[in-house]
């Protein structure tokens, strides 16, 4: 015979007794009678078939079984509180909640205005994650991703936005740098989180990563360090070409470094109105910036 799970009401009473060490204190906290607390504890112990407390004049002390249940019940309490907060937050937004994962680079240069406009129009709460640890859409960690790379594998729904080009930049404070003497200058480079990029592999092949005086996990940090004159660096054109204080060292972006920019979601979300609206907003919002992303914008 399968044992039915203990009710949350009984577990809640158990938690308060375990924390307070007495029935009277638990009853006061819960604002119920001493008899109710006593009855619920007896019901829980009978249902589980174990003693949860040792009773003495000093109060109620947890048995070994009680300590095990205390851990589980406390985790349940935390999970329930978290779920309640999230549901309450969703109820406050008639359009729903959309969890978006992207990069700090894209947020810095391109996405903020269009995402702000989308949020106002759709009436959603937009949760944006720019962690260097990519959120997994298929595991439900995010609803939508805006991400650079090769064509995503099925079963993700993917919409290509444009091509992304990158090249080498320097501060205008640093003179004399050219494609033929790159090793004569200090470099700013990405850390191990950049290792998958073709440009990072090229730096290693050329021995230029040994010239890196500063490493960081953010392209925005790289940009700011190049602006400060710390060294040469590879940057996406949509970052570098917008900054008047820096300029290209390699005028034509190497084809080997190019990638594509994608909008991604799960199959089960593709027709959800707020997701479809986000896809349309980002696609239309990036149209005026395609030349910038693809390294074809007029340079200062």
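In my numbering, the protein residues as written are 1 to 300. Glycine included, each C-beta is placed from N, C-alpha and C at the ideal position.
Cutoff 7 Å; reference residue i; Cβ partners in own chain excluding five residues on either side
i	result
residue 297	241, 291
residue 10	40, 43, 44
residue 130	102, 103, 104, 107
residue 209	189, 203
residue 93	Reliability fails at residue 93, whose pLDDT of 49 lies under 50, so the model's placement of it is uncertain and no value is given.
Beta carbon proximity, residue i to chain B, threshold 8 Å
i	result
residue 141	Looking at the structure shown, chain B is missing, and only one protein chain is on hand.
Cβ neighbour criterion (16 or more within 10 Å) applied to residue i
i	result
residue 106	buried
residue 274	buried
residue 301	In the structure as shown, the chain begins at 1 and stops at 300. Residue 301 is therefore absent and cannot be evaluated.
residue 262	buried
residue 228	exposed
residue 199	buried
residue 140	exposed
residue 287	exposed
residue 120	exposed
Own chain partners of residue i with C-beta closer than 8 Å, once the 5 adjacent residues on each side are dropped
i	result
residue 206	182, 183
residue 63	50, 51, 52, 53, 54
residue 217	132, 190, 191, 193, 194
Nonlocal neighbours in the same chain, by C-beta distance under 6 Å from residue i, ignoring five residues either side
i	result
residue 149	259
residue 99	127, 142, 143
residue 214	188, 225, 230
residue 26	16, 17, 20, 37
Strand pairing of residue i, partner residues [DSSP]
i	result
residue 129	101
residue 54	61
residue 259	164
residue 216	190
residue 232	187
residue 246	171
residue 265	144, 157
beta-carbon residue i near the ligand GTP non-hydrogen atom, thresh 7 Å
i	result
residue 37	This structure lacks the ligand GTP, and indeed carries no ligand of any kind.
What residue ranges within the segment 106-191 form continuous alpha helix (DSSP H) runs of no fewer than 4 residues, ordered along the chain? Counting only runs of 4 or more, we get 112-122.
Between the segment 10-19 and the segment 45-63, can you find at least three pairs of beta-carbon atoms closer than 8 Å? A contact exists between the segment 45-63 and the segment 10-19.
Below 8 Å, can you find three or more Cβ-Cβ pairs linking the segment 69-77 to the segment 110-118? Touching, no.
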